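Trainee:
Chains as they are written, first to last, in this note's numbering: chain R, 645 to 1065; chain Z, 85 to 453.
Spelled out as structure tokens, the structure:
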């Protein structure tokens, strides 16, 4: 790693050169330099997009800046201005000049993070109550001075992601929460994106920064958080999910989607709705059999949070349909036991697969019909929207399925800000 | 020169004309005519008066010419009673015995407006509005009736007057959500990105109990629906409010109902949220009187009892009422002057358009001292 601003400069093969000028007035820092990805004009433009994506980026208002040449300047900053024009010459050479204006946050080298966590029991038809849901929060293991204000006790487990170790903190049950609570902690700049939710696009896949500069490429993309990855299958309209084993990526497991009895056969569009290290959310426009452009819209929203093994999905359509999600290749499954007095929230693989992992599909906000021999869930009635969660991970027996359900039952949101110590 | 619309108040509007607006056109713009704003630039010659009224998204009364190029005045609701209490005042007492909500609305509505959709609100009232001793404009009388029955009203840009429960008149189930970050349109929810979101909260008006003095020394008391507050010594907070309302007849049931309604009114905290957004033509999605979702965890604007699927996530927004909207007269709208004879003059080519930026007062109206 040399120089990086947020995710810009972190992607393999797309390093950012140290700025030629770092003019710091104390209140602001003006940086200027050049960027280039040797040998690839396209990748130079993609690196440029990563820088430009931080201007007006509401999902990452504070970014870590790391300078190997000037480590005293490394810390957390707001990006106030970004300028990286493309000229006829830069489009040929791949060499782009950039200027940045950064504003250091209070105590920029060692600030305090505050995650405002909003948690509530999802409205559900499974009869689950607040005692059944467990809010959770995941941070890189390099965190220090962590406390959840108002709820000092929590269970900590350590997990391994492709980026490094994560702490996984269960604060629960949700009946102990009063709506929102704030977690305070510190993360060094180099650990900010460890286990972070990310959205990548292109060939080779590179991180997309912000919401505006995503390309209309529905074929080459990936959602990831270092624990689970979601990619489009080679057959359009299907998704692959891979799981981190602790050593390597396992899978993928392929899932299909069916609307009104018609198989989803492709995507019309891809929209990035949220793109921050704590959460990424994208929307796919759907094409399905017997579809034509005049028949209205159907969308599939996919959301991935840091530390979560479950991809949260949400169907929506202009008209009422049945919505089915399930294994592309039939896989025997069993109903997941309901929590407390609740009914079954979904299905899971009856046996672990060749990787020693299992899939699960959960859904709690509308009545679902389970097809256990084939491993699918379908809404019991036609409707315009439906929720689901796709899990793929370690085979830990029924105790793990309870945890999957407990976490899925909680609607959570995290807003990250820097506060003065 | 924006338009300000307020819930059950006339509001104001102002439009500036460009310097090249012809003099002969400006000469046509007589006071106490009307200005209509449409969603698009239509050819007024192809629509009759009823068609123009039906298409209008806002109608104001031309009551002020600050300069030769500036038009302004109150909204159409001023025909019900303006800010000074002037209007088509009653010259004979208005009396109903066991009058229903709809009967009272019909009895109080002046001839300058026509009845639109009047939906029932439970209850009856026997009362006389006295011309001189009550000295209420039709709007003042109508406001009193609304407070008594628990109803609301809305004046449409075509001059029709709707009244009933707020659920019958406005979108009480929100269809728009406000966040700090940019948001697009889901199928059922419109995202409103806020360029400014200011939250002000106070308990200046909070009262635990109302003491009502009505007509002829009739009295009644009403308690706030809930009282979670305590005084310095740990006792339940007691903050009583004295209300003198000679319009409330000295009838036991009426006094009690009115006292209860007043106690409910004065038990609400003043939560004022000022929202500014650049979203184009916001009033098409969110009108005054509608409910709106607001989500800003950093300011505590959340409600975990409420969940909304939006942009792939479940958010827990607060529901707040839009009480006023100030919106710019932006390029793309159509502006027309209607004279006393119902003849229209198209002002659209000569309007000095405003930049985007709509401000909502939501939750509670801004205090004006």
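From the three backbone atoms N, C-alpha and C, an ideal C-beta is built for every residue, glycine too.
Bear in mind that the values here come from a model prediction, so they are computed numbers and not experimental data.
What are the start and end residues of the beta strand (DSSP E) that includes residue 236 of chain Z?
Mentor: One-based indexing of the second chain puts residue 236 of chain Z at position 152. That run of the beta strand (DSSP E) goes 236 to 239.
Trainee: Residue 1024 of chain R: buried (16+ other C-beta within 10 angstroms of its C-beta) or exposed?
Mentor: Here residue 1024 of chain R refers to the residue found at position 380 of the first chain. Its Cβ having fewer than 16 others within 10 Å, residue 1024 of chain R is exposed.
Trainee: At the 8 Å Cβ level, is residue 385 of chain Z part of the contact set with chain R, yes or no?
Mentor: Here residue 385 of chain Z refers to the residue found at position 301 when the second chain is read from its first residue. It does not; no Cβ of chain R falls within 8 Å.
Trainee: Tell me which residue opens and which closes the beta strand (DSSP E) that residue 707 of chain R is part of.
Mentor: Residue mapping note: residue 707 of chain R aligns to position 63 of the first chain, counting from 1. From DSSP, the beta strand (DSSP E) with residue 707 of chain R extends over 706 to 711.
Trainee: Following the continuous alpha helix (DSSP H) through residue 138 of chain Z, name the residue where it begins and the one where it ends.
Mentor: Within the second chain, numbered from 1, the residue matching residue 138 of chain Z stands at position 54. 133 to 139 is the extent of the alpha helix (DSSP H) around residue 138 of chain Z.
Trainee: Who are residue 233 of chain Z's beta bridge partners in DSSP?
Mentor: On the second chain, position 149 is the one that residue 233 of chain Z refers to. Paired residue(s): none; residue 233 of chain Z is not in a bridge.
Trainee: Given a cut-off of 8 Å, decide if residue 144 of chain Z and residue 150 of chain Z are closer than it, judged by their beta-carbon atoms.
Mentor: Taking the first residue of the second chain as position 1, residue 150 of chain Z is located at position 66. Taking the first residue of the second chain as position 1, residue 144 of chain Z is located at position 60. No, the pair does not count as a contact, with Cβ atoms beyond the cut-off.
Trainee: Quick one: what does DSSP say residue 955 of chain R is sitting in, helix, strand or coil?
Mentor: Here residue 955 of chain R is taken as the residue at index 311 of the first chain, counted from 1. Of the three classes helix, strand and coil, the one that applies to residue 955 of chain R here is strand, per DSSP.
Trainee: Roughly how many whole angstroms lie between the Cα atoms of residue 107 of chain Z and residue 101 of chain Z?
Mentor: Translated into the one-based positions of the second chain, residue 107 of chain Z becomes position 23. Translated into the one-based positions of the second chain, residue 101 of chain Z becomes position 17. About 11 Å.
Trainee: Assess, as a yes-or-no matter, whether the segment 319 to 328 of chain Z is touched by the segment 291 to 301 of chain Z under the definition of 3 or more beta carbon pairs within less than 8 Å.
Mentor: Enough Cβ pairs lie closer than 8 Å, so yes.
Trainee: So, residue 685 of chain R versus residue 658 of chain R, is the Cβ gap smaller than 8 Å?
Mentor: To locate residue 685 of chain R, count along the first chain from 1; it is residue 41. To locate residue 658 of chain R, count along the first chain from 1; it is residue 14. No.
Trainee: Applying the criterion that 16 or more other CB atoms from any shown protein chain within 10 Å of the CB defines a buried residue, is residue 136 of chain Z buried or exposed?
Mentor: Counting from one through the second chain, the residue named residue 136 of chain Z turns up at place 52. Classification for residue 136 of chain Z: buried.
Trainee: Taking just the CA atoms, how far does residue 200 of chain Z sit from residue 193 of chain Z?
Mentor: As a working mapping, residue 193 of chain Z is identified with position 109 in the second chain. As a working mapping, residue 200 of chain Z is identified with position 116 in the second chain. Each residue's Cα considered, the two are about 11 Å apart.
Trainee: Since residue 261 of chain Z meets chain R, which of its residues come closer than 7 Å, beta carbon to beta carbon?
Mentor: As a first step, residue 261 of chain Z is located in the second chain; it is residue number 177 there, counting from the start. Those do not exist, as residue 261 of chain Z stays about 13 Å from chain R at its closest Cβ, beyond 7 Å.
Trainee: Please classify residue 1039 of chain R: does DSSP put it in a helix, a strand, or coil?
Mentor: On the first chain, residue 1039 of chain R is found 395 positions in, with the first residue counted as 1. The pLDDT assigned to residue 1039 of chain R is 47, lower than 50, so where the model puts this residue is not dependable; a value taken from the coordinates is nonetheless given after this. Coil at residue 1039 of chain R, not helix or strand.
Trainee: Write down every uninterrupted run of the beta strand (DSSP E) in the segment 120 to 191 of chain Z whose length is 3 residues or greater and which is fully enclosed by it, in chain order.
Mentor: List check, beta strand (DSSP E) in window: 140 to 145, 154 to 158 and 178 to 184.
Trainee: Would you tell me roughly how many angstroms separate the C-alpha atoms of residue 1011 of chain R and residue 769 of chain R, rounded to the nearest one?
Mentor: Position 367 of the first chain, counted from the start, is the residue given in the question as residue 1011 of chain R. Position 125 of the first chain, counted from the start, is the residue given in the question as residue 769 of chain R. If I take the Cα positions, the gap works out to 7 Å.
Trainee: Would you check if there are 3 or more beta carbon pairs closer than 8 Å linking the segment 215 to 228 of chain Z to the segment 164 to 177 of chain Z?
Mentor: Judged by Cβ distances under 8 Å, the segment 215 to 228 of chain Z makes contact with the segment 164 to 177 of chain Z, as three or more pairs qualify.
Trainee: With C-beta atoms as the reference, is residue 177 of chain Z less than 8 Å away from residue 212 of chain Z?
Mentor: Position 93 of the second chain, counting from 1, holds the residue named residue 177 of chain Z. Position 128 of the second chain, counting from 1, holds the residue named residue 212 of chain Z. Their beta carbons are under 8 Å apart, which means residue 177 of chain Z touches residue 212 of chain Z by this criterion.
Trainee: Any Cβ of chain Z within less than 8 Å of the Cβ of residue 910 of chain R?
Mentor: Position 266 of the first chain, counted from the start, is the residue given in the question as residue 910 of chain R. No, no contact with chain Z.
Trainee: Residue range of the beta strand (DSSP E) that residue 99 of chain Z falls in?
Mentor: Translated into the one-based positions of the second chain, residue 99 of chain Z becomes position 15. Start and end: 93 to 100.
Trainee: When you check each C-beta in the segment 917 to 947 of chain R against every C-beta of chain Z, which residues fall closer than 8 Å?
Mentor: Within the segment 917 to 947 of chain R, the residues whose Cβ lies closer than 8 Å to some Cβ of chain Z are 917, 918, 923, 925, 926, 927, 941, 943, 945, 946 and 947, listed in chain order.
Trainee: Can you find a CB in chain C that lies within less than 8 Å of the CB of residue 359 of chain Z?
Mentor: Among the protein chains in the structure shown, which are R and Z, there is no chain C.
Trainee: Taking only three categories from DSSP, how would you classify residue 664 of chain R?
Mentor: Indexing the first chain from 1 puts residue 664 of chain R at position 20. The answer is coil: DSSP assigns residue 664 of chain R none of H, G, I, E or B.
Trainee: So what's residue 452 of chain Z in DSSP terms, helix, strand or just coil?
Mentor: In the second chain, the residue the question calls residue 452 of chain Z occupies position 368. Its pLDDT being 44, under 50, residue 452 of chain Z is placed unreliably by the model, and nothing is read from it.
Trainee: Kindly indicate if chain Z contains any beta-carbon less than 8 Å away from that of residue 667 of chain R.
Mentor: Translated into positions along the first chain, residue 667 of chain R becomes position 23. By this cut-off, residue 667 of chain R is not an interface position.
Trainee: Run down chain R in chain order and give the residues with a C-beta less than 8 Å from the C-beta of residue 395 of chain Z.
Mentor: Walking along the second chain from the start, residue 395 of chain Z turns up at place 311. Those are 917, 918, 925, 927 and 945, listed as they occur along chain R.
Trainee: What beta strand (DSSP E) runs, 3 residues minimum, are completely inside the segment 713 to 796 of chain R?
Mentor: Those beta strand (DSSP E) runs which fall completely within the segment 713 to 796 of chain R and span 3+ residues are 719 to 727, 740 to 748, 756 to 765, 780 to 784 and 788 to 792.
Trainee: If you count every other CB in all the chains shown that lies within 10 Å of the CB of residue 842 of chain R, and 16 or more means buried, which is it?
Mentor: In the first chain, counting from the first residue as 1, residue 842 of chain R sits at position 198. Buried, by the Cβ-count rule.
Trainee: Based on DSSP bridge pairs, tell me the residues matched to residue 286 of chain Z.
Mentor: Translated into positions along the second chain, residue 286 of chain Z becomes position 202. For residue 286 of chain Z, which the question treats as bridged, DSSP gives the partners Z/354.
Trainee: Determine which residues of the segment 761 to 789 of chain R have a Cβ less than 9 Å from any Cβ of chain Z, and write them out in chain order.
Mentor: Within the segment 761 to 789 of chain R, the qualifying residues are 761, 762, 763, 764, 765, 766 and 767.
Trainee: Is it right to say residue 869 of chain R is buried, meaning 16 or more other beta carbons lie within 10 angstroms of its own, or is it exposed?
Mentor: Counting from one through the first chain, the residue named residue 869 of chain R turns up at place 225. So residue 869 of chain R counts as buried.
Trainee: Is it true that the segment 936 to 946 of chain R meets the segment 958 to 971 of chain R, where meeting means three or more beta-carbon pairs spaced less than 8 Å apart?
Mentor: Yes, the segment 936 to 946 of chain R touches the segment 958 to 971 of chain R.
Trainee: Run through chain R and tell me which residues come within less than 8 Å of residue 264 of chain Z, C-beta to C-beta.
Mentor: Residue mapping note: residue 264 of chain Z aligns to position 180 of the second chain, counting from 1. Within chain R, the residues near residue 264 of chain Z are 702.
Trainee: Would you mind telling me which residues of chain Z sit closer than 9 Å to residue 1029 of chain R, beta carbon to beta carbon, in chain order?
Mentor: What you label residue 1029 of chain R is simply residue 385 of the first chain in a count that begins at 1. Within chain Z, the residues near residue 1029 of chain R are 271, 272 and 393.
Trainee: Hey, out of R/854, R/935, R/1031 and R/1058, whose CA is closest to residue 1052 of chain R's CA?
Mentor: Looking up residue 1052 of chain R in the first chain gives position 408. When each option's Cα is compared against that of residue 1052 of chain R, the closest is R/1031.
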